[in-house]
Every structure is written in structure tokens, then in C-alpha cells.
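Participant: From first to last, the protein sequence lines are chains F and B.
Start counting the first sequence at 1209; every next residue gets the next number (the numbering used here).
Start counting the second sequence at 479; every next residue gets the next number (the numbering used here).
Handing you a structure now.
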Amino acid sequence: MTDSSHILYLLAGAALFTMGLRVIYSKAALLHRIIAINVMGNGVFLVLITLAARTPGGQADPVPHALVLTGIVVSVCAVGLALTLADRYRKKSTDRQEDADL
Amino acid sequence: MSHHLIVGLILMVPLTAAMGAFALPRAGRWIGLAVMPALVMLNGWLALLLNGGELIQPVGGWPTPLGIQLRVDGLASLLLIASSVVGFLVSIHAFGYFGSYREAGQRNRLFWPLWFFLIASLNALFLSRDVFNLYVTLELNGFAAVALVAIAGERNALAASLRYLFVTLGGSLLYLMGVALLYGGTGTLDLALLAERISSEPYSYLALVLMTGGLLMKSALFPLHFWLPPAHASAPAPVSAMLSALVVKGSYYILLRLWFEAFSGIISTEAVQFLGLLGAAAVLWGSYQALLQDRLKLLVAYSTVAQIGYLFLLFPLAMTADIRSGILTGGLMFLISHALAKSAIFLAAGNIMRAAGHDRIRDLDGITHALPVSAFALGLGGISLVGLPPTAGFVGKWILLGEGLRQGQWWWVLVILAGSLLAAAYMTRVLVHAFTQANGSSVLAKISPGMEWSSFTLALLSLALGFAATGPAKLLETVFSKGSVL
Chain F
1209 MTDSSHILYL LAGAALFTMG LRVIYSKAAL LHRIIAINVM GNGVFLVLIT
1259 LAARTPGGQA DPVPHALVLT GIVVSVCAVG LALTLADRYR KKSTDRQEDA
1309 DL
Chain B
479 MSHHLIVGLI LMVPLTAAMG AFALPRAGRW IGLAVMPALV MLNGWLALLL
529 NGGELIQPVG GWPTPLGIQL RVDGLASLLL IASSVVGFLV SIHAFGYFGS
579 YREAGQRNRL FWPLWFFLIA SLNALFLSRD VFNLYVTLEL NGFAAVALVA
629 IAGERNALAA SLRYLFVTLG GSLLYLMGVA LLYGGTGTLD LALLAERISS
679 EPYSYLALVL MTGGLLMKSA LFPLHFWLPP AHASAPAPVS AMLSALVVKG
729 SYYILLRLWF EAFSGIISTE AVQFLGLLGA AAVLWGSYQA LLQDRLKLLV
779 AYSTVAQIGY LFLLFPLAMT ADIRSGILTG GLMFLISHAL AKSAIFLAAG
829 NIMRAAGHDR IRDLDGITHA LPVSAFALGL GGISLVGLPP TAGFVGKWIL
879 LGEGLRQGQW WWVLVILAGS LLAAAYMTRV LVHAFTQANG SSVLAKISPG
929 MEWSSFTLAL LSLALGFAAT GPAKLLETVF SKGSVL
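Structure follows, in C-alpha cells:
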């Protein structure tokens, strides 16, 4: 890969990261914010994968790949926990008060 | 026993206990009573083996560039001991608080497995010296803490836990982006190697800002503290105690490691002054908010916001100190004394809330009559928070004050003094009501002796630690010493 395509991927990662960050700390609906966690995480993973491809000699660096795999496992757990909590929260709320105080 | 075995056990014992408590829910609270004292002993033993030095454990026998190291120095050892002692006493409280399998009810049965996961993740965090490993322990810690906040199952508790989850996940991902940048720039994740390889380039500053921002959010430093009071106030008493005492300090511990170890080569005086400034704002704002609260648990939670502020005054004072061990001892004495006093107060508040059915400060009159031991624990804990001699809180503040005056950074001295006055004011407000005689105060539920005395013992320990400051001082002698990269 050329250097300029690396920069494109890094910028895309940074963009996903910032977009996710913005929505997580917004007043958006619960499900939006949970999806934003995934978007933000994927931004980090994209940066890591790009860094892995940057090594000279064409051989990809395996360490960032291991980090991304671990990160994916962690983020699956995070989303599972978030969805469970959100579901319980909705069941305890009436339509009107939903998400109002989050 | 060799230290390799002990380090392994410190991680594996709580993990096994967690799975055991999950598989055998009826035995959960008994496992707690058996496992927690064992952890206290293991951590104490490790500190003895340490003897002022550092122990290194290459996991699986792989050396650093390839493998991941666990390392114990005085700082890690001290925090391990503090967390197991607090954890043990809080477990005794939880034993009575949640009761037997039948008494606990559907949801509260999940307390014990989650509790052991929380302890295991804290232990792993204190032992890790690899920025990615720290990320994983930070996430595990966050998940266990969020689930424990939600355990009550009420709408308020679920809302607080969701808010907490978003904060903790966003914070971890900010931190993880910093890790990615560091690896891209230096090719390593090990803290000691990072300290050697880091240089003043844009990526290192960006990584520092991202990681610090994420961790500040998780340590609830002003102005990122908004999530803490509802989360800590709506959790069950043993959970609030552990969250305020130790969980917020996990991310603070990583900040210490980053600022004084990995990034120590590129940190400027302005940066540490800025952190100190946020700390000072937290001290004043948190104390002021505590003064305004009507409910005891919220008051105690805002007091945590203020006390976290003090911990960040350590940064400007330690960065410019000639010898770091003295000031570090002061900061750590303060941290541990807060952990002991705050858990004592939260447990006492839990007892009061259960016995009286509410925690409105105005209506606490006569609670001393019903719960003398808990009220006494509340008083002792309060004295430690204010920092009156001979408590460990006093020793910690005294060292910070002395260092501030010696270095001519008098503005921090003013903040510490103002914070102590405000703490005296909000604690007095509680105690005046609690120690007022009242007729016919009704007690709704019986509080078991274990629940009262565990809280009292924690308060007593925060008092006693003031007399034993030399022990921690010896452990911290070589930590972060200037010039020598760990």
C-alpha cells in the first residue's frame, strides 16, 4: 500500500471514532448511543489495522491484529451488557418518561 | 511459596471464587468469608517478599517484547493490600446485607459472582504494566461495577448504571485510541519500554491527551464527575462502599503510572499544574455540593468527588519534588485513608438507611440511639475525611501541605485548607442530626452485628493507619524515583 492510502484509512478511523464519541455523550436515543459504542470502537480497530499494514517488507505486524481481536471480544460483551440494561430500563419506564433522565 | 505462585494466586483465587459463586449460588456468601481473608494474607505475604524492591512475573515464561509482564512494586503492593482489606470488611457487611440465598431474592443472588469479578479485575489492574493489558482490566472492572450498580433493579438504579456504562465505555475507548497511537509510534506496549522510547512528537502528546481524558472521565475528576453521585448513591451499600473506596482509584492508579512512568520524559510543568487545577476545582465544587445535599448517600457521594480532587493535587507537587517518595507516601496515605473512611461511612449510611427506611439527613435524629456502633463509625470516618489528627487523612494532608509550602506552591495549600473546612462543615451537618436525642424513633429492620462492626472496624483502621505511616513509606521508597526508569 502507498503512504497516502494509509492516511486515508487513518482519517477514516479517526472520523468513525469522533462520530461515535459525539453520539455516546449526546441526548440521542439509547439504541443510537449503544450503536455509537460500536462505531467508536471500530474507529480504533481501523487505526490499529492500518498501523499493522505499515510495516516495511509487506509482512503485516501481528500484534495489532491480536489487539483488535481482543478488542472485538470486549466490545461484544459491552454491547451485550448495554442492551440488557437498556431492555430492563425500558420495561421499568412508561412511554413518556423513557430516556428522559439519561 | 515463591512470588510467582503468590502473584498467580492473587489473580486466580478471586476468579475461581467468582465462578464458584456463580455455579453454587447458595454458597456465595460463605465463599466470600473464606476467600477474602486468604487474599489479605496473600497480599501481605507478597509485600513482605517485596521488601522495598520489585518483583517481575513474565506470564507463561515469555520475556517482554513478546510476552506480557506482571510486575509488583511498592505502589502496586500497597493498593493490593488496601483493596483486599477493604474488600474483606465490606464482604462481612454484604454477608448480612444480602443475607442467605433465600433472603437475597432473585437479583441479589448475582452479587457474589460479580463481587469476586470486581476484586479479580482490580487485582489484575494493579499487577499489569502493559498499556493494553491495563485496557482489558479497566473494561472488566467497569463491567463488574456497572452490573453491581444495576443489581437493585429499580428504574433509578438502571438509569444510573446505564449512564455509568456510557461514561466508562467512552472513557476506555478514548484510552484505547491512545494505546493504538503509542504502539504505532513506539512499537511497544510495555510501560518501562515506553518510558525509554517515547519522544516529544505530536503522536505522543495526542496519545497522552486521549488516555488522560478517558481516565479522568472514569476517575470522575471535575468537570467529568456528573455520573458519579447518582451511580454511587443508588447502588446497594456494600457496592457504593467498594466503588467509592477503590474502583475510581483504579483509573487514578493508571494515570499515576502513565504520568510518572511512561510519559515522564515529555510532561511539562503546565500540564501538571492543569491537572492540579482540575483537582482544586473538584475539591471546592464537590465539598460545596455535599453541603447542599438533603440525602446522606448523595452527600457521601459528593464528598468522594471532592476527595478525588485532593488526589490530583499530588501531580503538581510530586512532579517538581526533589525526592518523590515522601510526597508519594503522603498521597497514598490520603488515598488509603479515604478508601477506609469512605467505605466505613457508606456502610454506616447503608445500615442507617435500612434501619430507618430513609436517609434524609434532617430526619436522622435519634439514630445514635438505635444504631450506636454505626453512628460512631460515621463520626470516626468523618473525622478521617476532615483530616483531624491522628487519622491517616491528617498524615496525608500534612505531607501535601508541607510539600506545597516547601516548594512555594502556596495556592494548593489554600485549597487543601478550604477543602478541610468545607468537609468539617458537611460532616458536622450529618453528625449534629445523628447525635441529637429524639423520642420514639422507630427502627424498621434489625441490623446484624456484622454489618455494624465491619463499618466500625474500617473507620477504626483509617484512624490507626495514622500511627503506622512508616510501613507504607518503606514500601514506596523506590517507586517513581527520579532518574531511574523502573
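Every residue gets a Cβ at the ideal spot worked out from N, C-alpha and C, and that includes glycine.
Owing to the predicted nature of the structure, the values given are computational and were not obtained by experimental measurement.
Helix or strand or just coil, what does DSSP make of B:HIS838?
Facilitator: Your numbering for residue 838 of chain B matches position 360 in the second sequence. The sequence shown places Arg at residue 838 of chain B, not His. Correct three-state label for B:ARG838: strand.
Participant: From what residue to what residue does the beta strand (DSSP E) around B:LEU533 run?
Facilitator: Taking the first residue of the second sequence as position 1, residue 533 of chain B is located at position 55. Looking at the DSSP string, the run of the beta strand (DSSP E) that includes B:LEU533 is 533 to 536.
Participant: Against B:SER639, what residues of chain F qualify as contacts under a CB-to-CB distance less than 9 angstroms, listed in chain order?
Facilitator: Locating residue 639 of chain B in the second sequence gives position 161, counting from the first residue. Result: LEU1293 and TYR1297.
Participant: I'd like the span of the beta strand (DSSP E) that includes B:LEU548, first residue to last.
Facilitator: Counting from one through the second sequence, the residue named residue 548 of chain B turns up at place 70. Per DSSP, B:LEU548 belongs to the beta strand (DSSP E) from 547 to 550.
Participant: For B:SER718, count neighbouring C-beta atoms within 10 Å of its own C-beta (all shown protein chains included) and say buried if the count is 16 or more, exposed if not.
Facilitator: By one-based count along the second sequence, residue 718 of chain B stands at place 240. Its Cβ being crowded by 16 or more others within 10 Å, B:SER718 is buried.
Participant: Which of the three DSSP states, helix, strand or coil, is assigned to B:SER718?
Facilitator: The residue you call residue 718 of chain B lines up with position 240 of the second sequence. Helix at B:SER718.
Participant: Examine the Cβ distances between the segment 763 to 777 of chain B and the segment 832 to 843 of chain B and report whether three or more of them are shorter than 8 angstroms.
Facilitator: Enough Cβ pairs lie closer than 8 angstroms, so yes.
Participant: So, for B:PHE945: in the same chain, excluding its five sequence neighbours on each side, which residues have a beta-carbon less than 7 angstroms away from its beta-carbon?
Facilitator: Taking the second sequence and counting its residues from 1, one reaches residue 945 of chain B at position 467. The answer, listed in chain order, is PRO868.
Participant: Compare the beta carbon distance of B:SER757 and B:LEU791 with 8 angstroms and say whether it is the shorter of the two.
Facilitator: If you number the second sequence from 1, residue 757 of chain B lands on position 279. If you number the second sequence from 1, residue 791 of chain B lands on position 313. For the record, residue 757 of chain B in the displayed sequence is Gly; it is not Ser. Result yes, Cβ atoms of B:GLY757 and B:LEU791 sit closer than 8 angstroms.
Participant: Using beta-carbon positions only, say whether B:LEU652 and B:LEU818 come within less than 8 angstroms of one another.
Facilitator: Taking the first residue of the second sequence as position 1, residue 652 of chain B is located at position 174. Taking the first residue of the second sequence as position 1, residue 818 of chain B is located at position 340. In this structure, B:LEU818 does not lie closer than 8 angstroms to B:LEU652 by Cβ.
Participant: Per DSSP, which residues does B:ARG907 bridge with? Please list them.
Facilitator: Looking up residue 907 of chain B in the second sequence gives position 429. None; B:ARG907 has no bridge partner.
Participant: Which residues in chain B have a C-beta closer than 7 angstroms to the C-beta of F:ILE1245? List them in chain order.
Facilitator: Numbered from 1 along the first sequence, position 37 holds the residue referred to as residue 1245 of chain F. Those are LEU647, listed as they occur along chain B.
Participant: If you measure from the beta carbon of F:VAL1282 to each beta carbon in chain B, is any gap under 8 angstroms?
Facilitator: By 1-based counting over the first sequence, the position of residue 1282 of chain F is 74. Yes, F:VAL1282 lies at the interface with chain B (some Cβ there is under 8 angstroms from its Cβ).
Participant: Apart from the five residues on each side of it in sequence, which residues of its chain come closer than 6 angstroms, Cβ to Cβ, to B:ILE597?
Facilitator: By 1-based counting over the second sequence, the position of residue 597 of chain B is 119. PRO492 and GLY565.
Participant: Just mark B:MET490 as buried or exposed, buried being the case when its beta carbon has 16 or more other beta carbons within 10 Å.
Facilitator: The residue you call residue 490 of chain B lines up with position 12 of the second sequence. With fewer than 16 Cβ atoms within 10 Å of its Cβ, B:MET490 is classed as exposed.
Participant: How about B:GLY857 and B:LEU909: do their beta carbons lie closer than 8 angstroms?
Facilitator: Taking the first residue of the second sequence as 1, we reach residue 857 of chain B at position 379. Taking the first residue of the second sequence as 1, we reach residue 909 of chain B at position 431. A contact, by the Cβ cut-off of 8 angstroms.
Participant: Report the residue from B:LEU789, B:ALA685 and B:LEU721 whose alpha carbon sits nearest the alpha carbon of B:PHE824.
Facilitator: Here residue 824 of chain B refers to the residue found at position 346 of the second sequence. Checking every option, the nearest Cα to that of B:PHE824 belongs to B:LEU721.
Participant: Leaving aside the five residues before and after B:SER599 along the sequence, list all residues of the same chain whose C-beta is less than 7 angstroms from its C-beta, in chain order.
Facilitator: Within the second sequence, the letter at position 121 stands for residue 599 of chain B. Result list for B:SER599: THR615, LEU618, ASN619 and ALA622, in chain order.
Participant: Identify the residues that DSSP records as bridge partners of B:ARG419: which are they?
Facilitator: As shown, chain B starts at 479 and ends at 964. That puts residue 419 of chain B outside it, with no answer to give.
Participant: Going by alpha carbons, who is nearest to B:LEU526 out of B:ARG504, B:ILE484 and B:ALA496?
Facilitator: Here residue 526 of chain B refers to the residue found at position 48 when the second sequence is read from its first residue. Checked all of B:ARG504, B:ILE484 and B:ALA496; the closest Cα to B:LEU526 is B:ILE484.
Participant: Going by DSSP, which residues form a beta bridge with B:SER606?
Facilitator: Against the second sequence, residue 606 of chain B aligns to sequence position 128. The partner list for B:SER606 (beta bridge, DSSP) reads B:LEU548.
Participant: One question on the structure: do B:PHE812 and B:GLY882 come within less than 8 angstroms of each other, judged by their Cβ atoms?
Facilitator: For the purposes of this step, residue 812 of chain B is taken as residue 334 along the second sequence, with counting starting at 1. For the purposes of this step, residue 882 of chain B is taken as residue 404 along the second sequence, with counting starting at 1. Cβ distance not < 8 angstroms, so B:PHE812 and B:GLY882 don't count as in contact.
Participant: Quick check on DSSP: helix, strand or coil for B:ASP668?
Facilitator: Locating residue 668 of chain B in the second sequence gives position 190, counting from the first residue. Reduced to three states, the DSSP call for B:ASP668 is strand.
Participant: Would you kindly report the start and end of the unbroken alpha helix (DSSP H) that includes B:GLN584?
Facilitator: If you number the second sequence from 1, residue 584 of chain B lands on position 106. First-last of the alpha helix (DSSP H) with B:GLN584: 579 to 586.
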